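For the sequence shown, counting from 1, position 735 maps to 735 in full-length UniProt numbering; every step adds exactly one. For glycine and all other residues, C-beta sits at the position ideal for the given N, C-alpha and C. Keep in mind it's a predicted model, so treat the numbers as computed, not measured. Step one of this worksheet: look at the structure below.
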Amino acid sequence: MSGQLTIYYQNVRGIRTKLHDVYKNVLTCNYQVIIFTETWLNDNIFTAEILDDRYQVFRRDRQSNTFDKGKEGGGVLIAVLKSFSAFRNTNLESSCEDLWVTIDYVSKNTCIKINVCAIYLPPPVKIEVISHFTNELQKNINNLDNVLLIGDFNLSRIEWIQQMSVSHVVPKIFGGDVCSTLIDFTAYACLKQYNNIKNKQQKTLDLVFSNTSYPLTVTDPTDILSGIDAYHPPIQINLAIDMQKPLKPKTNAVLQFYKADYNRIRERLLSVDWDVELDLSLTVDEITQIFYNIINNIIHEEIPKKRPIKNGYPAWYGIGLIKILKEKERHRIAMKKFNNKLDEYEYNLLKKRCRILINESYSKYIRKVQTNVVKDPKHFWSYIKAKRKNESYIPRCMKLNNEIASDGEGIANLFCRHFSSVYTVPQASSHCHAGHVASAFDSRCLTGIHITRSEIETHLKRLNTFKGHGSDCIPPIFFSKNAEPLAIPLQILFNKSLKDGVFPSVWKEAIVVPIPKSGSKQLIENYRPISLLTVLAKVFEKIISRHITWHTKQILGEQQHGFIAKRSTATNLVSFVEQLLSHLGSGEEVDAIYGDLSKAFDKVDHNILLSKLKNQFYINGSLLLWFNSYLKNRKMRVVINRYSSHYCIPSSGVPQGSILGPILFGLFIDDIKYYIKHSEFQLNADDLKIFRVVQNEFDEELLQRDVNDIAQWCKMNSMTMNIDKCLHIKFSRKRNKYNSKYHIYNKELKRVEENPKRIAVKPLFTDLLKDLLPKMRHSHVTRSPFWASSATKDRQADLHDRINRVTGN
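Listed below in structure tokens is the structure:
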């Protein structure tokens, strides 16, 4: 369909003191792109305080620039409606205050880019500043189509003249190298200037340059977003383009689980004779299907339904305000179309009434949030969260390599293909370290688990009722409200599953939701998957995990701190620093190597993992068969805006989003301890630190041997080291340090002066440890000589003295 891209531009001369006014004014308009210059913003102002969550906002505050860094003021902002795909293009930016955003829109199934630049040149504009900006832009301008260069250039010595034969204006130069530099560059780049709206001195300081082939006009805006500066009148840029409608979610009826009569549902569940319905002579999948048929029939009859309505307005908008806004928009369209004075009068009248109602509604909403902070803290934190971060979205047009998709199913299938590309094919023969090989009749073997009804009931009641549902579309609130009656059939189902060694197929299905990382939101590879599993599957796993962790805790190495009760990144770091301080206090220097495994959780070989469960952790019998069924033949599909992809089967990895997945990975990586023979090390899930005191070449060789053995472990276990993220750091107080070098796969590791988490060594010792040590007196981490609950005040005081000696405090 034909349309018009409407861009609002204004030099706002600072909006830190106008945040509420700008926020409320934006709510009354429908500009697709908003550009502000001289924002005067800094890191203390959240983006969501300026604009509502309809927009994706890009900022470049003055603190990120080179020429005026450290000075107050300046700054530019571009906001784009989320129905468009937009990303910041830092490759085009210079050291001036220019912000580049590329907007993608779909026209006739083709993705077209509009490159928008907001720029502010503070007066007096110097020749080196304008030359730097034009020289940087000149490198890329020939490769850019549909450029919109908009901003405050502060060049009052250029007079712009409107000619009748063309839509743009042409310059009349009064002189000056700065003006000549800009005019010469725009002529070279074929950029035309379209703004001829004068300020009170009959000058044009805010310019609109473009090389687009689409019709472009500059007019006075219909809605003003901030107080007008007499030297910088706001403008509205209209770009006539053909574009398709954005990707909208399906609107299916939704079950209202929070409004159900759970007393009646509980009575119906208790009336079912589960011993008869769930015949143990049937298979696990058949019993699971019968269970869900009964549950779904009750849900269909007892849970009310409602078709979701999303009006796009803030929560504090009333019905009356929404009606006036719609009426105002109708009069605005009529005013533009027919140029009728009566429509203009009614439009201005409705605009005034909208501002009054918005002020009243917003003030009432804020007072309610403040007064009810004790009674309703969730409402308060929802407000804070909304101000801190805008919600994510999926663009209309997505790319994976050279393939483009613009429909819901096509985009979901691209995501599914990308997320499944990380999986590997399992090895035919399994690997297990020879140090532990369990016999099938070993008394230490765990062959089965029996689950009681009270266990199930306890875990169901502890469910977070505000969480979402999995592939069965039943949320936690249904199971939590019916914990007692549902514990009866679930006990039958869980124990049948464990006895037969079969995990129900319906619980192997995962819904994957893509979450944007950094970079262009139009590129599939810039997303990470979040997996949603069924509630009952996670309850089942939670119960199993308690038995597994109890069985394996005496075998699992004490160097592992990830996904283990009463251990964390803090205990990992404190343990490492205590050992480090001991060496540094003796005048020794320590070499540490930080290893990184590439896609470690997704590349776990199922056959190798099962072999380790059997031979190293003494899990056998029907329980081992259960784990085999749990890991293999799982399914996943990507769902975005209720559009679903086809199913794919992960051939490797532990289930993402599961309870058992992280625990199983810890068991999988545990035997790496047998390959590190000459050095000390720490593990936090797949993050590995290996370190050793280095005084000569022999010590360096021993550490390198351990690194080589780790690489060998990776090869034997179908893992890959990400060498670009593996780093070497030397801890020492010596002036003349030993020059150590280490390699992985014949590639030298990068040496850094800070640890990989960007924490400097001295703040690491002082700030972190001095904060943690007083708290560790009450810690109950097992098998630790340093942070155990028996640690005394004298031991802590002694460590404080050692920290001060090493850091020089």
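Inspect the beta-carbon positions of G587 and M721 and report whether they are closer than 8 Å. no
Quick one: using the 10 Å Cβ neighbour count with 16 as the cut-off for buried, is E360 buried or exposed? exposed
Tell me, please, which residues DSSP counts as bridged to E403. L400
Rounded to the nearest angstrom, what separates F617 and E97 at their Cα positions? 60 Å
Go ahead and label K741 buried or exposed: buried means 16 or more other beta carbons lie within 10 angstroms of its beta carbon, across all protein chains shown. exposed
Any idea what DSSP makes of R751, helix, strand or coil? strand
Taking DSSP as the reference, what is the three-state secondary structure of M335? helix
Taking the alpha carbon of V33 as the reference point, which residue from T39, R54, G14 and L41 has its own alpha carbon closest? R54
Can we say the stretch 15-34 touches the stretch 223-236, given the rule of at least three CB pairs closer than 8 Å? yes
Can you tell me whether K82 is buried or exposed? The criterion is at least 16 other CB atoms within 10 Å of its CB, across all chains shown. buried
For P234, the nearest candidate out of A592, F36 and C726 (CA to CA): F36
Short of 6 Å in beta carbon distance, which residues of its chain neighbour Y347, apart from the five on each side in sequence? Order them along the chain. H331, R332 and M335
State the Cα-Cα distance for the pair D687 and I672, rounded to the nearest angstrom. 12 Å
Quick one: what does DSSP say D104 is sitting in, helix, strand or coil? strand
At least 3 beta-carbon pairs within less than 8 Å: the stretch 489-496 vs the stretch 279-288: yes
Would you call P485 buried or exposed, if buried means 16 or more other Cβ atoms sit within 10 Å of its Cβ? buried
Presumed contact (8 Å Cβ cut-off) between S718 and D605, rounded CB distance: 5 Å
7 Å CB neighbourhood of H168 in its chain, flanking five on each side removed: K192, Q193 and Y194
Close beta carbons around N482, own chain, < 7 Å, minus the five adjacent residues each side: Y262, I265, R266 and L269
Below 8 Å, how does it come out for the stretch 666-685 and the stretch 554-571: are there three or more Cβ pairs, yes or no? yes
Same chain, Cβ closer than 7 Å to P221, neighbours up to 5 away in sequence not counted: Y8, P234, I235 and Q236
I need the straight-line Cα distance from L660 to K351, nearest angstrom please. 57 Å
What first and last residue would you give for the alpha helix (DSSP H) that runs through P476? P476 to K481
Check whether the stretch 119-135 touches the stretch 148-161, counting contact only when three or more Cβ pairs, one atom from each stretch, lie closer than 8 Å. yes
Member of K172, N628 and R733 whose CA lies at the smallest distance from the CA of A585: Before going on, a small fix: residue 585 reads as Gly here, not Ala. G585 has its Cα closest to that of R733, out of K172, N628 and R733.
Any idea what DSSP makes of M716, helix, strand or coil? helix
Minimum length 4: unbroken alpha helix (DSSP H) runs contained in the stretch 641-729: 660-669 and 697-716
Taking 7 Å as the cut-off, is the C-beta of Y214 nearer than that to any heavy atom in the ligand FAD? In the structure on display, the ligand FAD does not appear, and there are no ligands present to speak of.
Which residue's Cα is closest to the Cα of N146: L92, N211 and V170? N211
Residues sharing a beta bridge with N115, DSSP: T102 and V147
Assuming G470 contacts L556 (C-beta within less than 8 Å), just tell me the rounded distance between them. Going by Cβ atoms, the distance from G470 to L556 rounds to 29 Å, so no, they are not a contact pair.
How about N42 and D61: are their beta carbons less than 8 Å apart? yes
Contact set for K200: own chain, Cβ-Cβ below 8 Å, skip 5 residues either direction: A230 and Y231
Secondary structure of P124, DSSP reduced to three states: coil
Check whether the stretch 171-184 touches the stretch 138-145, counting contact only when three or more Cβ pairs, one atom from each stretch, lie closer than 8 Å. no
Would you mind stating whether L460 and S480 have Cβ atoms separated by less than 8 Å? yes
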